[in-house]
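Per my numbering, the very first residue in the sequence shown carries number 210; after that it's consecutive. Backbone N, C-alpha and C fix where the C-beta goes; we use that ideal spot for every residue, glycine too. The structure appears right after this line, and notes come after that.
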Amino acid sequence: MPSPYRAIFAAPGTRSFSVAGFFGRMPLSMMGIGIVTMISQVTGRYGLAGALSATLAMSAAVMGPQVSRMVDRYGQRRVLRPATLVSLAAGAGLLVCVQQEAPDWTLFVFTAVVGCVPSVGAMTRARWAEIYRGSARELHTAYSWESIVDEVCFIFGPIISIGLSTVWFPEAGPLFAGVFLAIGVFWLTSQRATEPRPHPKEEHTGGSALRSPGLQVLALAFVATGAIFGSVDVVTVAFAEEQGHKAAASLVLAVYALGSCLAGAVFGLLHLKSEPSRRWLLGVGAMAVSMIPLLLAGNLPLLAVALFVAGLSIAPTMVTTMALVEAHVPRTKLTEGMTWTGTGLAIGVALGSSAAGWVVDASGAEAGYVVPVVSGALAVAVGLLGYRRLRRPVPTGEGQRERDHNDEHQDGEQPVA
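Next comes the structure, spelled out in structure tokens:
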């Protein structure tokens, strides 16, 4: 039986944009943890490191959907290249300020501008959605592949970023994150054949994609989910340092991503017929429960095992999330819709990183794992409260006009056929 993964790459151009997307997404796993490692190396202040990482995530949360909205309207090439150049220039300014021991406020200013970095994962997923429009089986496999790519980035990204910053010089991790971003974005945007067709302004009726009730649930739940990821990163680095093996944090975090990668690979081979909203809620619940053992891990080997198990629920949940976004967001706003889930994650990473940094400074690394446990419980609460909204997808794609008309009748009045 042919592999479903091999089948999706039969379409021309898919291999090239997938590889470019891999390079473009490496900064997602390198920049935040690179800033934490760099600042902790230079100043020893985990509170400042967490606050800067939170600033980066919050800035990306604010600017990311705006960049993606412009991409839906004007196309990937016209928008991504200028946005990337601005982000790279700000990143260079940040490194210079750190090296020159500039005041803290300058670090926050440059870090905030770095946040206009494009959501490359949303761009590649939008290309898959354009190629396999209406083919649910192929899209399931394609989204699973994208989750695998995400996790491979999170396996190698922290290793590269933390390793470079601890072995070479503190600014090396963020510096190489910028190099990967430039390579990925400019290579991706040079591939015009697979670029989704932009949708002119007149097609963008009904306001933001976030008007969708289902997308609101997903984005809010992902705030709590992002807090899990952000806090785990910061606390794990601090925990490894307390154990006397700070550089080992990259390996422990890689094991976390490896669990998700393996689960995503298996998930993509399955042909599931159950309701996506139910699968999503189960996935969020599994992520929450898997955080509890982190409180009991007293050394790095046990922590690595606990994080591997915790990672098994991540990729399947992310794959299901993308399927739900496609069901709840009009095609003319698909890139923006996918970015809003990333925005929720980014806000959560900001909150989780900041909270974890302050807890570590105040009470030590082991106490810091309370933050992902609480975040997981909040994610489950949001999922349960919003479950009914997720079960009611709206018309998408060519049904955009119908969806907008229905939005005007949310008070219960039936639209005229």
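Segment limits, alpha helix (DSSP H) that includes residue i
| i | result |
| --- | --- |
| Trp337 | 329–340 |
| Pro422 | 422–451 |
| Gly249 | The question names Gly, yet the displayed sequence has Ser at residue 249. Element bounds for Ser249: 223–251. |
| Leu294 | 285–308 |
| Met496 | 485–498 |
| Arg598 | 579–599 |
| His537 | 523–537 |
| Thr315 | 313–323 |
| Arg401 | No alpha helix (DSSP H) contains Arg401, which DSSP labels as neither H nor E. |
| Thr552 | 543–572 |
| Val376 | 345–376 |
| Ser212 | Neither: Ser212 is in no alpha helix (DSSP H) and is coded neither H nor E. |
| Pro510 | 509–520 |
Straight-line Cα distance separating residue j from residue i
| i | j | result |
| --- | --- | --- |
| Thr544 | Gln452 | 42 angstroms |
| Ala626 | Thr541 | Model confidence at Ala626 stands at a pLDDT of 27, short of 50, so the residue's coordinates are unreliable; what they give is reported in the following sentence. Approximately 22 angstroms between the Cα atoms of the pair. |
| Gly393 | Leu257 | 30 angstroms |
| Tyr596 | Leu490 | 8 angstroms |
| Pro327 | Ile244 | 18 angstroms |
| Ser440 | Leu294 | 29 angstroms |
| Thr605 | Thr529 | Its pLDDT being 46, under 50, Thr605 is placed unreliably by the model, and nothing is read from it. |
| Glu339 | Ala351 | 11 angstroms |
| Asp281 | Ala590 | 32 angstroms |
| Pro213 | Ser563 | 41 angstroms |
| Trp567 | Lys482 | 44 angstroms |
| Trp377 | Gly300 | 18 angstroms |
| Arg420 | Arg286 | 27 angstroms |
| Ala456 | Pro367 | 10 angstroms |
| His537 | Glu310 | 47 angstroms |
| Pro405 | Leu424 | 21 angstroms |
| Leu516 | Phe218 | 31 angstroms |
| Gly473 | Val461 | 19 angstroms |
Proximity winner among the options, relative to residue i (alpha-carbon distances)
| i | options | result |
| --- | --- | --- |
| Cys470 | Ala456, Leu521, Thr526 | Leu521 |
| Gly284 | Val251, Thr333, Ala260 | Thr333 |
| Ala586 | Phe319, Ala497, Pro525 | Ala497 |
| Thr503 | Arg487, Phe448, Gly494 | Correcting the residue identity first, residue 503 is Leu in this sequence and not Thr. Comparing Cα-Cα distances from Leu503 to each of Arg487, Phe448, Gly494, the minimum goes to Phe448. |
| Tyr465 | Arg420, Leu479, Ser421, Cys362 | Cys362 |
| Ala391 | Arg234, Phe431, Ala515 | Arg234 |
| Arg401 | Ser225, Leu599, Ala524 | Ser225 |
Cβ-heavy atom distance, residue i to the ligand MN, below 7 angstroms
| i | result |
| --- | --- |
| Ala292 | Among the components modelled here there is no ligand, and therefore nothing to report on the ligand MN. |
Legend entry - Any 3 or more C-beta pairs closer than 8 angstroms across the stretch 553–570 and the stretch 256–275: A contact between stretches requires three or more CB pairs, one per stretch, nearer than 8 angstroms, and the stretch 553–570 meets this requirement with the stretch 256–275.
Legend entry - At least three beta-carbon pairs within less than 8 angstroms, the stretch 231–244 to the stretch 377–388: Contact holds: three or more Cβ-Cβ distances are below 8 angstroms.
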